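Straight run, no breaks: the sequence shown in the working numbering ends on number 94.
The beta-carbon is built from N, C-alpha and C at its ideal position, and this holds for glycine as well.
All values derive from a computational prediction rather than experimental measurement.
First the structure, in the form of structure tokens, and then the observations on it.
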Amino acid sequence: MPVSKDNAEKAMDAAACISCGACVASCKNASAMLFVAAKVSHLALLPQGQPEREWRVRSMVTQMDKEGFGNCTNQYECEAVCPKEIKVAFIAKMNREYSGALLKNRGV
Ligand code: SF4
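This is the structure:
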């Protein structure tokens, strides 16, 4: 199944997350958005992740909120401490994925 070089590289960057939780621990809002964004982005960038793409991001963001994690306020502490150098740009991607999934779910 063909995957563009750009998407393959971004997916591999996101897949480097080892779920260590350092990003959450460093964030003054206790936000888990960098971790969740890495997981969402990894699969959203690959063909294998397409069948459950919208469902996945909706479910993961909903669960993150239920667990009481805070919201991102662009402090960048997460990116600074991440041992795998996951970039905050993935949070922006997750937000776009989430918005798109909500609109699709409403039939817009
Ligand atoms: S600090 Fe980096 S590697 Fe660890 S959970 Fe957060 S995003 Fe993943």
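Arg82: member of the alpha helix (DSSP H) spanning Ala75 to Asn91, first to last residue. Only buried fits Cys64, as 16 or more other CB atoms lie within 10 angstroms of its CB. Closest option to Tyr84, judged by alpha-carbon separation, among Val47, Lys25 and Leu32: Val47.
By alpha-carbon distance to Ser17, the top candidate from Val67, Val74, Gly56 and Phe76 is Gly56. Counting the other Cβ atoms within 10 Å of the Cβ of Cys6 gives fewer than 16, which makes it exposed. Between the C-alpha atoms of Met(-2) and Asn91 there is a straight-line separation of about 28 Å. Contact fails between the segment 63 to 77 and the segment 37 to 54, because fewer than three Cβ pairs, one in each stretch, are under 8 Å apart. In the same chain as Ala30, and ignoring 5 residues on each side of it, the C-beta atoms closer than 6 Å to its own belong to Arg39 and Glu83, in chain order.
Checking the DSSP bridge columns, you'll see Gly7 has no partner listed. Comparing alpha carbon positions, the residue from Gln61, Asn(-7) and Leu89 closest to Arg44 is Leu89.
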